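Take a look at the structure set out below.
Numbering (the working numbering), first residue to last: 7 to 380.
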């Protein structure tokens, strides 16, 4: 195992940790902005780094289609290609391929699918996914799995999970161990505790550098997700990082940290930046609403991002109404910074054993809603 993970402090189930990779340290709990096509949409890499982000997520499916893993490798790997010298995690491509529904055919060997870009035929197996991620030079490689949309029957989830565990073994066998790089296994099992336990045991027998909790945030709702997280993280090794894939909203993250999760990713802060949505300590704001038209105040007085330090709500409202790209850039910057401020707050609270009061304050402010109209 070539990734070192140290737990610096615990409070309840929550952990404050540090994950060491070839390209730097990741302080946990951590949130990873999503860089789908080797870029975080509307952001320069230097801008993303300035928000406090220490790791990005890249999408294997999109990068294998465009520009292709061979080209990225020829250009010196994903870090050099996109000018990001910090750690990178890549997903396996499986989730995107599974979502193609009518464009793919699933077998034990892997998945045959047609590109959504040009219709070209591809075949993605666990071995090929690991090979592509190796060419991308990803610090954290994800094993290939199948993700079932919930709700689903016990038998359906069981069959899918068992194949994912066979794919996990094939993924681990194909991975090339090297210092500063690692591979994570993915726990499946839907919302069935016995299946989650079986999956966790199989993954532990194989042995991974970290363990992801997959198959959540796929239609089941927060209440069901939290019920699963009440036990799923505890089924995984205590001394390895735990990654909840594709999650989520700020309150999802806070609830998951309380339940022992260390790492997160989600398109929400960037996608919301493109749809006029801004995350703040007092909830989500739609800056296109007329109430902001003549508001001279910053989006969030406590925030230190460029939007909040230099621009008014009225100006961002104007940019959105004119469909100016600067609005997308500034809102995305703010949202990623908000997420990083939230993660820093959670880390500090665990270190100081003040997590209970931090969480109470988080929910109290969210309940207040946005600041009053002027």
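Glycine included, every Cβ here is placed at the ideal spot set by N, Cα and C. Keep in mind that this is a model prediction, so the values were computed, not measured.
Between the region 46 to 64 and the region 337 to 351 there are three or more inter-stretch CB-CB distances shorter than 8 Å, so the stretches are counted as touching. Inter-residue distance for residue 180 and residue 49 is about 34 Å (C-alpha atoms, whole angstroms). Along the length of the region 246 to 321, whole beta strand (DSSP E) runs at least 3 residues long occupy 248 to 250, 269 to 271, 283 to 286, 289 to 292, reported in chain order. DSSP, reduced to helix, strand and coil, places residue 94 within a strand of the structure shown. Across the set 22, 151, 85, the C-alpha of 151 shows the shortest separation from the C-alpha of residue 168. Burial state of residue 302 is exposed, judged by a 10 Å Cβ sphere holding fewer than 16 other Cβ atoms. Under DSSP, residue 38 forms a beta bridge with 271. When the Cα atoms are used, residue 227 and residue 80 turn out to be separated by approximately 42 Å. Counting only residues of its own chain and dropping the five nearest sequence neighbours on each side, residue 90 has a CB closer than 7 Å to the CB of 51, 62. In chain order, 85, 91, 92, 93, 94, 145, 186 place their CB closer than 8 Å to the CB of residue 29, counting only its own chain and leaving out the 5 sequence neighbours on each side. Under the three-pair Cβ rule at 8 Å, the region 234 to 244 does not count as touching the region 324 to 333.
Close CB contacts of residue 136 within its chain, under the 7 Å cut and outside five residues either way in sequence, are with 147, 177, 180, 181 (chain order). The region 11 to 24 and the region 358 to 371 touch, with no fewer than 3 CB-CB distances between them shorter than 8 Å.
In this structure, residue 38 lies away from residue 258, with their beta-carbon atoms at least 8 Å apart. Here residue 124 is exposed: its Cβ has fewer than 16 other Cβ atoms, across all protein chains shown, within 10 Å. Considering only 138, 196, 131, the residue with the shortest C-alpha distance to residue 159 is 196.
Minimum Cα-Cα distance from residue 323 among the listed residues 280, 204, 236 corresponds to 280. For the pair residue 203 and residue 219, the CB atoms are not nearer than the 8 Å cut-off. The C-alpha of residue 217 lies about 5 Å from the C-alpha of residue 191. Per the C-alpha coordinates, the member of 224, 263, 31 positioned closest to residue 156 is 224.
Using a Cβ distance threshold of 8 Å, residue 47 and residue 276 count as a contacting pair. Assigned with DSSP and collapsed to three states, residue 181 falls in coil, not helix or strand. Every alpha helix (DSSP H) of 4 residues or more that sits fully in the region 207 to 247 is shown, in chain order, as 228 to 235.
For residue 188, the enclosing beta strand (DSSP E) covers residues 188 to 193.
Burial state of residue 369 is exposed, judged by a 10 Å Cβ sphere holding fewer than 16 other Cβ atoms. For residue 120, the enclosing beta strand (DSSP E) has its first and last residue at 117 to 120.
With 16 or more neighbouring CB atoms inside 10 Å of its own CB, residue 284 falls in the buried class. Under the DSSP assignment, residue 67 falls in the alpha helix (DSSP H) whose first and last residues are 66 to 71. Annotation note: the region 106 to 156 contains the following uninterrupted beta strand (DSSP E) runs of length 3 or greater, listed N- to C-terminal: 110 to 112, 117 to 120, 127 to 130, 146 to 148.
Our two residues, residue 116 and residue 199, have alpha carbons roughly 26 Å apart in a direct line.
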